[in-house]
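Here's the structure, in structure tokens; my notes come after.
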Amino acid sequence: MMAELLSLVPAKSLETDVVVGEALAVCPLPPVTVSNDTLLISLIDRLRRTLENHRGENQIVVMQDFPDPDALSSAWAYQIIAEQYDIHCDIVYAGTLSHQENVALVKLTGLPAKRWGVHTLKDRDLSVYQGCVFVDGQGTNSQLTTLVKQAKIPIIAVIDHHTRQGDLDAEFVDIRPQIRATAAMLTQYIQKGLINFNTSDTVHVKCATALMHGLRSDTNNLMQAQECEFIAAGYLSRFYDAQLLNAVLQSARSRRVMDVIERALKNRIIKNNYSIAGVGYLRYDDRDAIPQAADFLVTEENVHTALVYGIVHDEDEDIELVIGSMRTSKITLDPDEFLKEAFGQDNQGRFFGGGRYMAGGFEIPIGFLGGFNNNAEYAKLKWEVYDTQIKQKLSHLVNPDEKVIRT
């Protein structure tokens, strides 16, 4: 079974790579082994008590704006666990699902995630919710966080495998950055008895399939998995539907994604084994084509790192962002450190970029210079300015002997 899992090697399913914020605290729980299994049991007991204290309530489970398989599957698992305590959960996100695998995951499994577009937020009534839960995030990468705060909804739980990103006023906090996937953490909850999965329950089978996809997505098909992820995968192998997972993984790329990959190939420059490509303007719904292009470029001979970026226009909010993605096969290169050094911080001290093992991303608001792209000459000039500036930011790290990477 494990060999079968490792043989599934499609394109990655990262909806977004942006990591916002600085690590402010160490994780509260070390990797799970026999010696510290007692700590995990204690942690899950606290979660059980927290759920019991909120029995019968309505909760909103907030994911990042562009949820990936890890976020989607983990949020669903939390919803199913919470149902055991008569807690009704709505799983929501403010952005969009653009990666073909994520769209297929939601459609084929019936995963109950709801899109709350930014332009519809003013009509949302959050008074029906008694609590909020952040899964695979801490609220820093969701436009819904402000809405939750304005409605004064208490934070019930934060469950995440990213570094801590600020003070968290939540009843239950489980943040373990050394774990590769939040799906592994939710699988641990299930293993320890918060719910008993059953192969005769189609919802359990589909959720196990989603969790398996979340695991393989955030661990590069388990190639970067650690002990706890392998244990979680072994447990899920009893319940998941291999044919369903394969159907998700075989979903086809759209023509627009292929066009962006073509642009990346055409525009790439290679310096010191780095492949750098600007792809121009993209629609908001097509932003996930950028990490897919980076996935493709990093496979080229004599290239160990790929960086792809473009200007994404959000018509609903009439804002523009420079969105970029980084992929590397160089084990001594830390994407988080690289991108933070390259692009720095905003006025609030939040980094424009960040990452994890072998992958990262950045997101830079254009602000005052956004819009007016209907004027072709102006749009071309604006792109040339940002394209040159991004290359200059990268030059002192990629090609320190030159002041600017020339297109």
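Heads up: the sequence shown begins at 1 in the UniProt record's numbering, then just goes up one per residue. Note that CB positions come from ideal geometry on N, CA and C, so glycine has one too.
*For residue 330, does the three-state DSSP call read helix, strand or coil?*
Sequence index remark: in the sequence shown, residue 330 carries index 330 (1-based). In this structure, DSSP gives residue 330 a state outside helix and strand, which the three-state scheme calls coil.
*Check residue 192 in the structure and name its three-state DSSP category.*
Along the sequence shown, one-based indexing puts residue 192 at 192. When DSSP states are grouped into helix, strand and coil, residue 192 belongs to the coil group.
*Whose CA, out of 283, 327 and 350, lies closest to the CA of residue 471?*
Nothing can be reported for residue 471: it is not among the residues displayed for the chain, which extend from 1 to 407.
*asked:* Quick check on DSSP: helix, strand or coil for residue 251?
replied: As a working mapping, residue 251 is identified with position 251 in the sequence shown. In the structure shown, residue 251 sits in coil (DSSP, three-state: anything other than H, G, I, E or B).
_Where residue 205 falls: helix, strand or coil (DSSP)_ = Taking the first residue of the sequence shown as 1, we reach residue 205 at position 205. Look at residue 205 here: in three-state DSSP terms it is helix.
*Rounded to a whole number of angstroms, what is the C-alpha to C-alpha distance between residue 241 and residue 109?*
Residue 241 sits at position 241 when you count from the first residue of the sequence shown. Residue 109 sits at position 109 when you count from the first residue of the sequence shown. Their backbone Cα atoms lie some 10 angstroms apart in a straight line.
*Using DSSP with H/G/I as helix, E/B as strand and the rest coil, what is residue 299?*
The residue given as residue 299 occupies position 299 in the sequence shown. Looking at residue 299 - three-state DSSP - the assignment turns out to be coil, as it is neither helix nor strand.
_For residue 56 and residue 296, the rounded distance between their alpha carbons_ = Numbered from 1 along the sequence shown, position 296 holds the residue referred to as residue 296. Numbered from 1 along the sequence shown, position 56 holds the residue referred to as residue 56. CA-to-CA, the gap between residue 296 and residue 56 works out to about 47 angstroms.
*Boundaries (first-last residue) of the alpha helix (DSSP H) holding residue 343*: Translated into positions along the sequence shown, residue 343 becomes position 343. Annotation: the continuous alpha helix (DSSP H) that includes residue 343 extends over 335-343.
*Have a look at residue 245 and residue 381 and give me their C-alpha separation to the nearest angstrom.*
As a first step, residue 245 is located in the sequence shown; it is residue number 245 there, counting from the start. As a first step, residue 381 is located in the sequence shown; it is residue number 381 there, counting from the start. In a straight line, the C-alpha of residue 245 is about 45 angstroms away from that of residue 381.
*Of the residues 152, 134 and 104, which one's Cα is nearest the Cα of residue 165?*
Looking up residue 165 in the sequence shown gives position 165. Taking residue 165 as reference, the option from 152, 134 and 104 with the minimal CA-CA separation is 134.
*Put residue 33 into one of helix, strand or coil per three-state DSSP.*
Position 33 of the sequence shown, counted from the first residue, corresponds to residue 33. Only weak support is given to the placement of residue 33: the predicted model assigns it a pLDDT of 41, under 50, and the question is left unresolved by the model.
*Put residue 259 into one of helix, strand or coil per three-state DSSP.*
Along the sequence shown, one-based indexing puts residue 259 at 259. Looking at residue 259 - three-state DSSP - the assignment turns out to be helix.
*Evaluate contact between the region 192-204 and the region 153-162, counting only Cβ atoms and requiring at least three cross-stretch pairs below 8 angstroms.*
In short, these stretches do not touch, since the Cβ pair count stays below three.
*Check whether the region 163-177 touches the region 57-74, taking contact to mean three or more Cβ pairs, one atom from each stretch, closer than 8 angstroms.*
Three or more beta-carbon pairs separated by less than 8 angstroms are not found between the region 163-177 and the region 57-74, which leaves the two stretches without contact.
*In this structure, what does DSSP give as the bridge partners for residue 363?*
Here residue 363 refers to the residue found at position 363 when the sequence shown is read from its first residue. Answer is 323, bridged to residue 363.
*Where DSSP assigns a beta bridge to residue 113, which residues make up the other side?*
Numbered from its first residue, the sequence shown carries residue 113 at position 113. Looking at the DSSP output, residue 113 shares a beta bridge with 91.
_Sub-8 angstroms separation of residue 290 and residue 323 beta-carbons_ = Reading the sequence shown from its first residue, position 290 is the one you call residue 290. Reading the sequence shown from its first residue, position 323 is the one you call residue 323. The answer is yes: Cβ separation under 8 angstroms.
_Sheet register partners of residue 160 (DSSP bridge)_ = Translated into positions along the sequence shown, residue 160 becomes position 160. According to the DSSP secondary-structure assignment, residue 160 is paired through a beta bridge with 175.
*Going by other Cβ atoms of all chains shown within 10 Å of its Cβ, with 16 needed for buried, is residue 360 buried or exposed?*
The sequence position of residue 360 within the sequence shown is 360, counting from 1. Of the other Cβ atoms in all chains shown, 16 or more fall within 10 Å of the Cβ of residue 360; this residue is therefore buried.
*asked:* Taking the alpha-carbon of residue 101 as reference, which of 236, 210 and 301 has the nearest alpha-carbon?
replied: Residue numbering aside, residue 101 sits at position 101 when the sequence shown is read from its first letter. Measuring from the Cα of residue 101, the nearest candidate turns out to be 210.
*Spatial neighbours of residue 340 in its chain, beta-carbon cut-off 7 angstroms, leaving aside the 5 residues before and after*: Locating residue 340 in the sequence shown gives position 340, counting from the first residue. The residues are 351, 353 and 354.
*Sort 401, 143, 370 and 174 by Cα distance to residue 442 and report the nearest one.*
Shown here, the chain extends from 1 to 407; a query on residue 442 therefore has no answer.
*Which residues mark the beginning and the end of the alpha helix (DSSP H) in which residue 387 is found?*
Here residue 387 is taken as the residue at index 387 of the sequence shown, counted from 1. Counting along the chain, the unbroken alpha helix (DSSP H) around residue 387 starts and ends at 376-398.
*Got a sec: does the ligand MN put a non-hydrogen atom nearer than 7 angstroms to the Cβ of residue 114?*
The ligand MN is not part of this structure, which contains no ligands at all.
_For residue 92, the nearest candidate out of 80, 144, 288 and 125 (CA to CA)_ = Taking the sequence shown and counting its residues from 1, one reaches residue 92 at position 92. Among 80, 144, 288 and 125, the Cα nearest to that of residue 92 belongs to 144.
*Give a yes or no on contact between the region 256-271 and the region 211-219, applying the rule of three or more CB pairs nearer than 8 angstroms.*
A contact between stretches requires three or more CB pairs, one per stretch, nearer than 8 angstroms, and the region 256-271 fails this requirement with the region 211-219.
*Below 8 angstroms on the Cβ atoms is my guess for residue 286 versus residue 308; work out the distance and round it to an integer in Å.*
For this step, residue 286 is matched to residue 286 along the sequence shown. For this step, residue 308 is matched to residue 308 along the sequence shown. Between residue 286 and residue 308 the beta-carbon gap is near 13 angstroms, outside 8 angstroms, which marks them as no contact.
*Is it true that the CB of residue 233 sits closer than 8 angstroms to the CB of residue 180?*
Position 180 of the sequence shown, counted from the start, is the residue given in the question as residue 180. Position 233 of the sequence shown, counted from the start, is the residue given in the question as residue 233. With contacts defined as CB atoms closer than 8 angstroms, residue 180 and residue 233 fail to qualify as a contacting pair.
_Nearest residue (CA-CA) to residue 79, options 321, 281 and 207_ = Translated into the one-based positions of the sequence shown, residue 79 becomes position 79. The shortest C-alpha separation from residue 79 is found at 207.
*DSSP state of residue 168 mapped onto helix, strand, coil*: Here residue 168 is taken as the residue at index 168 of the sequence shown, counted from 1. Judged by DSSP in its simplified three-state form, residue 168 adopts coil rather than helix or strand.
_Short of 7 angstroms in beta carbon distance, which residues of its chain neighbour residue 170, apart from the five on each side in sequence? Order them along the chain._
If you number the sequence shown from 1, residue 170 lands on position 170. Excluding sequence positions up to five before and after residue 170, its CB lies within less than 7 angstroms of the CB of 155, 156, 157 and 158, all in the same chain and listed in chain order.
_Contacts around residue 314, its chain only, beta-carbon distance under 6 angstroms, and the 5 residues preceding and following it disregarded_ = Here residue 314 refers to the residue found at position 314 of the sequence shown. Taken in chain order, the residues that qualify are 284.
_Which of the three DSSP states is assigned to residue 66 in this structure?_
Position 66 of the sequence shown, counted from the first residue, corresponds to residue 66. Residue state, collapsed to three classes: coil.
*Distance, residue 390 Cα to residue 117 Cα*: Mapped onto the sequence shown, residue 117 falls at position 117. Mapped onto the sequence shown, residue 390 falls at position 390. Pairing residue 117 with residue 390, the inter-Cα distance amounts to about 29 angstroms.
_Strand pairing of residue 122, partner residues [DSSP]_ = Residue mapping note: residue 122 aligns to position 122 of the sequence shown, counting from 1. Bridge partners of residue 122: none, in fact.
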